[in-house]
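According to our numbering, the sequence shown holds residues 7 to 353 in order. Quick reminder that beta carbons are idealized off the backbone N, C-alpha and C, glycines included.
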Amino acid sequence: MYVLGIETSCDETGVALYHSRQGLVAHTLHSQVDLHAPYGGIVPELASRDHIRRVVPLIRQTMNNAGVSLDRLGGIAYTAGPGLIGALLVGASIGHSLAWSLDIPVVAVHHMEGHLLAPMLETGELSPPFLALLISGGHTMLVEVRALGVYRVLGESIDDAVGEAFDKVAKMLGLGYPGGPALERLAQNGDPQRFHFPRPMTDRPGLDFSFSGLKTHVMNTIAATAKTPQDLADIARAFQDAVADTLAVKCRRALRQTGLGTLVAAGGVCANQTIRRRLAEITAEAGARLFLPRLEFCTDNGAMIAFAGCLRLSAGQQEKPAIQARARWSLETLPPIIPRSDPPHPG
Ligand code: KG4
Ligand code: ZN
Numbered sequence: 007m008y009v010l011g012i013e014t015s016c017d018e019t020g021v022a023l024y025h026s027r028q029g030l031v032a033h034t035l036h037s038q039v040d041l042h043a044p045y046g047g048i049v050p051e052l053a054s055r056d057h058i059r060r061v062v063p064l065i066r067q068t069m070n071n072a073g074v075s076l077d078r079l080g081g082i083a084y085t086a087g088p089g090l091i092g093a094l095l096v097g098a099s100i101g102h103s104l105a106w107s108l109d110i111p112v113v114a115v116h117h118m119e120g121h122l123l124a125p126m127l128e129t130g131e132l133s134p135p136f137l138a139l140l141i142s143g144g145h146t147m148l149v150e151v152r153a154l155g156v157y158r159v160l161g162e163s164i165d166d167a168v169g170e171a172f173d174k175v176a177k178m179l180g181l182g183y184p185g186g187p188a189l190e191r192l193a194q195n196g197d198p199q200r201f202h203f204p205r206p207m208t209d210r211p212g213l214d215f216s217f218s219g220l221k222t223h224v225m226n227t228i229a230a231t232a233k234t235p236q237d238l239a240d241i242a243r244a245f246q247d248a249v250a251d252t253l254a255v256k257c258r259r260a261l262r263q264t265g266l267g268t269l270v271a272a273g274g275v276c277a278n279q280t281i282r283r284r285l286a287e288i289t290a291e292a293g294a295r296l297f298l299p300r301l302e303f304c305t306d307n308g309a310m311i312a313f314a315g316c317l318r319l320s321a322g323q324q325e326k327p328a329i330q331a332r333a334r335w336s337l338e339t340l341p342p343i344i345p346r347s348d349p350p351h352p353g
């Protein structure tokens, strides 16, 4: 079965074609970075309007690249939340309209489920149960994946998401939007010995995170230095190391507490090489397996939505013909995915 995936939850329009047996067939992406850069952050109304402009051409381009006509689609998957409501409505509207006109099923996909299943796009060796660290611009979560579609949130950020902290600290350091990749580049020249920033909430039990205190610590450090390019690089390095260590400590604790032997880390912040390295170190020490999506599937994309949608459609799930989008949506409320026939064979 061919499934078209549509992602419009934030500042990237992603479209992909996934086949239940062949795997990922084609995918295209349009990033709105240039559109939002002059404002130093995402402007929701501009994001929605740009998704409207891009989504149909991207669907055409994806189908053309694949050499597959629309009438061969077996289903459509779109991101229904969480995210910016206007942006989500674009994907929901085109997803439902196209499915209606082609008389095929359509399924709503949870954006974070897309992220956490993304490593399965490229390997057949990953299956639940596993632990997932989800780190994006809007979320920081440790999730116990008991089975496909069965998620228990073990811990999350009580204030800023880790990507949000990267973006805000990048702004303080005079870097543009998006902050995460720019901060990582700056940190490359930083001296790791110069500053030592706190590892928030690692000295007390529990699996929740907090990044706002670390952010304030960075602000105070910037205020107390001369702000030469080297000062800024050293601060970026200390911040990135503190975040990577904090995530590593919590993942190690969660692996120990749950007894799980597999860690998946996903979401935009997982593109960060220092974080990838720290997670590789702690999983190796714990004798656990680590699965990370390749960089282009860490940040938002249509492929992960097409894949998650394919699993749900193959399990017989579909939406009623009513457009639904949710700015907030708990992962724990999703229905389980119980494979029926023709399950996807990823990897
Ligand atoms: O998953 P994603 O593409 O969108 C959301 O669902 O939010 O994540 C975007 C977040 C942004 O905060 C961005 O700054 C961060 O991921 N990010 C990074 C890196 N690449 C993207 N943070 C740190 N290092 C990176 N290399
Ligand atoms: Zn995302």
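Counting along the chain, THR268 sits inside the beta strand (DSSP E) bounded by residues 268–272.
Taking a contact as a CB-CB distance under 8 Å, the pair GLY161 and LEU213 counts as one, their CB atoms being some 3 Å apart.
In the assembly as shown, SER133 is an exposed residue. Its beta-carbon has fewer than 16 other beta-carbons within 10 Å. Under a 10 Å Cβ-count criterion, TRP106 is classified as exposed, with fewer than 16 other Cβ atoms of the shown protein chains found around its own Cβ. Straight through space, the alpha carbons of LEU319 and VAL9 are spaced by roughly 9 Å. Contact annotation: GLN38 and ALA53 have beta-carbon atoms nearer than 8 Å. Distance from the C-beta of HIS117 to the nearest heavy atom of the ligand ZN is below 7 Å. Using a Cβ distance threshold of 8 Å, ARG282 and LEU261 do not count as a contacting pair. Following the DSSP letters along the chain, one finds ARG332 in no alpha helix (DSSP H), marked with neither H nor E.
A distance below 8 Å separates the beta carbons of GLN324 and PRO111. If you check the CB distance, GLY87 and HIS121 do not come in under 8 Å. Per DSSP, ALA244 is one residue of the alpha helix (DSSP H) stretching across 235–264. The DSSP-derived three-state label of PHE172 is helix. PRO198 sits exposed, since fewer than 16 C-beta atoms from the chains shown fall within 10 Å of its C-beta.
A residue is called buried when at least 16 other Cβ atoms come within 10 angstroms of its Cβ; LYS221 meets this threshold and is buried. Distance from the Cα of ALA277 is smallest, within the candidate group ASP209, SER142 and LEU238, for SER142.
Inter-residue distance for ILE82 and PRO235 is about 48 Å (C-alpha atoms, whole angstroms).
8 Å or more divides the Cβ of HIS102 from the Cβ of ILE344.
Selection TYR45, ILE58 and GLY196 evaluated against LEU238 yields GLY196 as nearest (Cα-Cα).
Under DSSP, LEU10 takes part in a beta bridge, and its partners are LEU23 and ILE82.
With a threshold of 7 Å, the Cβ atom of HIS57 does not count as near the ligand ZN, since no heavy atom of the ligand is closer than that. Non-local beta-carbon contacts of ILE311 in its own chain, meaning distances under 6 Å to residues more than five positions away in sequence, involve GLY11, GLU13, ALA83, THR85, VAL115 and GLY120 in chain order. Selection around the ligand ZN by beta-carbon proximity, strictly under 5 Å to any non-hydrogen atom, yields SER142 and ASP306 in chain order. Following the DSSP letters along the chain, one finds VAL96 inside the alpha helix (DSSP H) bounded by residues 91–108. Collapsing the DSSP output to three states places GLY87 in a strand.
When distances are taken from the beta-carbon of VAL275 to the heavy atoms of the ligand KG4, the shortest one is below 7 Å.
The nearest non-hydrogen atom of the ligand KG4 is less than 7 Å from the C-beta of PRO184. ASP173 counts as buried, since at least 16 other C-beta atoms from the protein chains shown sit within 10 angstroms of its C-beta. Beta-bridge pairing by DSSP links VAL149 to ALA138 and VAL159. Secondary structure note for VAL39: its alpha helix (DSSP H) is the uninterrupted segment 39–42. Around the beta-carbon of ASN226, fewer than 16 other beta-carbon atoms lie within 10 Å, marking it exposed.
With fewer than 16 other CB atoms across the displayed protein chains lying within 10 angstroms of its CB, ILE164 is exposed. In the three-state DSSP reduction, LEU296 falls in the strand class (E or B).
For GLU190, the shortest separation between its Cβ and any heavy atom of the ligand KG4 lies below 7 Å. LEU301 counts as exposed, since fewer than 16 other beta carbons sit within 10 angstroms of its beta carbon.
The continuous stretches of beta strand (DSSP E) do not include ALA193, which lies in the alpha helix (DSSP H) extending over residues 185–193.
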